[in-house]
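As structure tokens, the structure follows; a few thoughts come after it.
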Amino acid sequence: MNVKPKVVVIGAGIIGVTSAINLQKKGHQVILLDKGGVAAGASTGNCGLMAVSEIVPISKPGVLSQVPNWLMDPEGPVTVRAKHALTMMPWFMRFLKSGSENNVNNIAQGLTQLSNKAAAAYAPLLKESDIEDLLKPHEVIYLFDDRNEIIEDQFSWDLRHNCGFKMEFLEGDILREMEPEISPNIDSGMLMKGWDYFSDPQRLTQSLANTFSQNGGEIRLSKVTDLIKKDGKIIAALLDNYEKLEADHFVIACGAWSRILADQVGDYIPVEAMAGYNTTILRPNVSLKHPLLHHNGGFVITPMEMGLRVGGTLELGGLNSEPNYNRVRAITRKAQNILPNLEIIEKTEWVGYRPMMPDTLPVIDKSPRYSNLIYACGHGQLGITYGAITGELVADLITQGSSEKVNMSPYSATRF
Ligand SMILES: Cc1cc2nc3c(=O)[nH]c(=O)nc-3n(C[C@H](O)[C@H](O)[C@H](O)COP(=O)(O)OP(=O)(O)OC[C@H]3O[C@@H](n4cnc5c(N)ncnc54)[C@H](O)[C@@H]3O)c2cc1C
């Protein structure tokens, strides 16, 4: 007998995989689809941080004064591709609007709710997949060239503190005792309490997907080209081989591509692609215990299983721009200034697209038009951190119609 699938999850990045696995745990029959395979997008090459106190949105008071630099410096920590600037103007206006002090305080509360549940939501998933070794209990250190950078960004540090997160200032000598490879040119650091990191985000997503399929879930290499509607519901996903895959519920977890399907069903979900790059230095001659986050440079150096990963930078240029690998070479040079003994003999380079909402908050909600369509996207620079808790919320939305774990209103699909 052919059993009708209950839920089709579109996108097998960390968000789609954790949604699928949590739905399966609640007894749903789930098919997980991805046009490029498991972890084909941002979930593979990111920096792996459980960045729980990174609750300050990118748009915050004073952001407007930084915009000229974003347009003029293609190798700076944040940049906007000139060609894309006009197309993304409506997104950008919403981005600027969300950066008022009042809005930022509310956004930080919305992110904090997810941060507070992030680690506990991962714990059972890591145990079931036997990958607890992936989560390294080493906190991240922010690095400052000059301690005045802290005062210049006092708003963000106060906001983190007010949301209940703890940090510890590290004088240069103490910092170098903790991480002897750090250059004397680095003035000081800030230990971010409560953070830890995954030493291979690709293995994380793939292992969870393996558990899902061992438990009877189906994973298919397919692109969804459209969603077929009837009487206020989605009745099927149309695949690139023209197959119509019917189900009771559908989840859009397509990361930076989520807007394409949202537009097709007439929902306004303004997810922009914010590119980020990494270099992974294979067999590095320098070893670190903690991931290091360079405050001014906007990049992270994470000691991963496969090497030392230098990753980050924010680039708004849409999904179709040619990657600009000069950006990753620029941050790699800066990483060598921080770790003067670091030699690079063999490396890989990668670009990925963060799914970015104007206010930095994800969308975890039902479609306003189709009651059996769920959005789980827009996690920006925090998708690894919020992967497991998002999966739980998606499963609650489908099983119970809502979730009591957190106040869901910040993640509304109709807020723009
Ligand atoms: C350089 C960099 C560093 C980062 N560092 C961190 C970090 O340290 N900590 C952290 O928490 N986050 C970090 N992030 C962010 C994090 O990687 C993302 O938020 C997260 O991976 C998003 O997951 P996702 O599942 O939503 O999207 P993705 O991983 O991009 O997955 C979406 C999937 O959907 C598929 N898809 C799209 N359209 C379709 C379709 N029509 N049909 C079928 N499949 C489709 C794609 O192939 C893709 O596999 C970083 C990102 C970057 C770029």
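In my numbering, the protein residues as written are 243 to 658. Even glycine gets a Cβ: it sits at the ideal position worked out from N, Cα and C.
Own chain, CB closer than 7 Å to residue i, minus 5 neighbours either side, in chain order
i: residue 455; result: 461
i: residue 262; result: 251, 272, 274, 454 and 459
i: residue 554; result: 289, 518, 540, 541, 542 and 573
Residue i: CB within 7 Å of a non-hydrogen atom of ligand 1
i: residue 428; result: no
i: residue 644; result: no
i: residue 596; result: yes
i: residue 466; result: yes
i: residue 293; result: yes
i: residue 520; result: yes
i: residue 254; result: yes
i: residue 574; result: no
i: residue 627; result: yes
i: residue 499; result: yes
i: residue 542; result: yes
i: residue 378; result: no
i: residue 288; result: yes
i: residue 624; result: yes
i: residue 275; result: yes
i: residue 257; result: yes
i: residue 371; result: no
i: residue 554; result: yes
i: residue 318; result: no
i: residue 495; result: yes
i: residue 633; result: no
i: residue 357; result: no
i: residue 285; result: yes
Three-state secondary structure assigned by DSSP to residue i
i: residue 656; result: coil
i: residue 259; result: helix
i: residue 548; result: coil
i: residue 439; result: strand
i: residue 309; result: helix
i: residue 425; result: coil
i: residue 287; result: helix
i: residue 343; result: helix
i: residue 244; result: Residue confidence is low: residue 244 scores 45 on pLDDT, short of 50, so the model does not pin down where it sits. Its coordinate-derived value is still stated next. DSSP places residue 244 in coil when its eight states are reduced to three.
i: residue 537; result: coil
i: residue 515; result: strand
i: residue 249; result: strand
i: residue 477; result: strand
i: residue 618; result: strand
i: residue 302; result: coil
i: residue 414; result: helix
i: residue 334; result: helix
i: residue 433; result: strand
i: residue 598; result: strand
i: residue 567; result: coil
i: residue 326; result: helix
i: residue 562; result: coil
i: residue 646; result: coil
i: residue 639; result: helix
i: residue 507; result: helix
i: residue 470; result: strand
Check: residue i C-beta below 7 Å from any heavy atom of ligand 2
i: residue 503; result: Here the bound small molecules are ligand 1; ligand 2 is not part of this structure.
Residues of its chain near residue i, where Cβ-Cβ distance is below 8 Å and the 5 sequence neighbours each way are ignored
i: residue 548; result: 442, 522 and 524
i: residue 279; result: 254 and 463
i: residue 243; result: Legend: pLDDT at residue 243 = 46, less than 50; position of this residue unreliable, value from coordinates given subsequently. Hits under 8 Å: none found.
i: residue 655; result: 509, 511, 605, 607, 608, 609, 610 and 617
i: residue 398; result: 298 and 302
i: residue 638; result: 644, 645, 646 and 647
Spatial neighbours of residue i in its chain, beta-carbon cut-off 6 Å, leaving aside the 5 residues before and after
i: residue 535; result: 382, 384 and 542
i: residue 425; result: 580 and 582
i: residue 531; result: 380
i: residue 623; result: 596
i: residue 259; result: 447, 450 and 451
i: residue 634; result: 264 and 363
i: residue 630; result: 260, 363, 364 and 367
i: residue 246; result: For residue 246, the predicted structure reports a pLDDT of 49, less than 50, and the residue's modelled location is therefore unreliable. The matter cannot be settled from this model.
i: residue 528; result: 423, 581, 583 and 584
Any 3 or more C-beta pairs closer than 8 Å across the region 516-525 and the region 570-585: By the Cβ rule, the region 516-525 counts as touching the region 570-585, because three or more pairs are nearer than 8 Å.
Could you tell me whether the region 275-288 touches the region 365-380, where touching means 3 or more Cβ pairs closer than 8 Å? Contact between the region 275-288 and the region 365-380 is absent, because fewer than three Cβ pairs lie under 8 Å.
Does the pairing of the region 292-307 with the region 395-413 give three or more beta-carbon distances under 8 Å? With the cut-off at 8 Å, the region 292-307 and the region 395-413 touch.
Specify whether the region 282-292 and the region 590-603 touch according to this definition: at least 3 beta carbon pairs, one from each stretch, less than 8 Å apart. The region 282-292 makes contact with the region 590-603, as at least three CB pairs between them are under 8 Å.
Any contact of the region 344-355 with the region 495-508, i.e. 3+ C-beta pairs under 8 Å? With the cut-off at 8 Å, the region 344-355 and the region 495-508 do not touch.
Can you confirm whether the region 603-621 touches the region 473-493 when touching is taken to mean that 3 or more C-beta pairs between the two stretches lie within less than 8 Å? Yes, the region 473-493 is in contact with the region 603-621.
At least 3 beta-carbon pairs within less than 8 Å: the region 472-490 vs the region 597-604: These segments do not touch.
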